[in-house]
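The sequence shown begins at 753 in our numbering and counts up one residue at a time.
Each residue gets a CB set at the ideal place from its N, CA and C atoms; glycine is no exception.
Because the structure is a prediction, the values reported are computed rather than measured.
First comes the structure, then the notes that go with it.
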Amino acid sequence: MLLALAAALFAVFAINVTIGSFGGTPFFGNVGEMILLCAVSIMFTAAVLRREASERSGK
């Protein structure tokens, strides 16, 4: 679940960057992109830690 959320947030970031690179007006500014990438990294880290904990408890 957390990994899917991280992927979805990263997709939003990639779409925002793509829109900006083709000359359109991105819907997030610099600060918004930073907050979005921070949220992606938090979700990804939480997903990895949760998976490691479940593997450890299973062994």
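In three-state DSSP terms, what is residue i?
i      : result
Phe779 : coil
Phe765 : helix
Met786 : helix
Met753 : coil
Val774 : In the sequence as displayed, the identity of residue 774 is Phe instead of Val. If DSSP states are grouped into helix, strand and coil, Phe774 belongs with coil.
Output yes or no for whether 8 Å exceeds the beta carbon distance between residue i and residue j.
i      : j      : result
Ala799 : Ala758 : yes
Leu788 : Leu761 : yes
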